[in-house]
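K.L.:
Start counting the sequence shown at 4; every next residue gets the next number (the numbering used here). Ideal Cβ positions, reconstructed from N, Cα and C, are used throughout, including at glycine.
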Amino acid sequence: MTTQRTSWALAREAAGLFLTAFGLLGVLVALGALHWAAGLSATAAGLLAAGILTRPKPDAPHWAHAARAAVCITGYGGLTGCAFALSGPLGWISISLAVLLTGLWLTTREPEAEEGA
4 MTTQRTSWAL AREAAGLFLT AFGLLGVLVA LGALHWAAGL SATAAGLLAA
54 GILTRPKPDA PHWAHAARAA VCITGYGGLT GCAFALSGPL GWISISLAVL
104 LTGLWLTTRE PEAEEGA
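#1: With Ala67 as the anchor, note down where its alpha helix (DSSP H) starts and where it stops.
#2: At a cut of 8 Å, does the stretch 70-77 reach the stretch 18-32 through at least three beta carbon pairs?
#3: Starting from Thr46, follow the alpha helix (DSSP H) in both directions and report where the run begins and ends.
#4: Return yes when the Cβ of Thr46 is within less than 8 Å of the Cβ of Gly84, no when it is not.
#5: Cβ atoms of Pro59 and Arg71: under 8 Å apart, would you say?
#6: Rounded to whole angstroms, what's the CA-CA distance from Ala63 to Leu56? Just pull it up for me.
#7: Quick check on DSSP: helix, strand or coil for Thr110?
#8: By the 10 Å Cβ neighbour count, where 16 or more other Cβ atoms means buried, how is Gly54 classified, buried or exposed?
#9: Classify Pro59 as helix, strand or coil using the three-state DSSP reduction.
#10: Rounding to the nearest angstrom, what Cα-Cα distance links Gly94 and Ala40 in this structure?
As structure tokens, then:
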């Protein structure tokens, strides 16, 4: 049995989401005031975390999986750009880490899962 939420509960949730977004914006602006790379790095890290933690269901449409991949790539690209802006070797470490993780992802596939498809 499902119950519908009251208008008060919906208003409370909307207010909570608005305050959360406003607080997050304040943190990002304050970090950006300290240094532009701090604000951009925090934003990119948040995008990367959102992409990693938000997993669509396996039977979800392909665009949902593509959107998740785009959010992850955007977040990691922002972090890599900040790393290059701060120090060249940090940027190359970021690129090398992406190559390393892609290689690990490709090599740890289960052959049984691919044969049954």
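P.N.:
Short version:
#1: 65-89
#2: no
#3: Where Thr46 is concerned, the enclosing alpha helix (DSSP H) stretches over 39-56.
#4: The answer is no: Cβ separation not under 8 Å.
#5: yes
#6: 16 Å
#7: helix
#8: With 16 or more other Cβ atoms within 10 Å, it is buried.
#9: coil
#10: 13 Å
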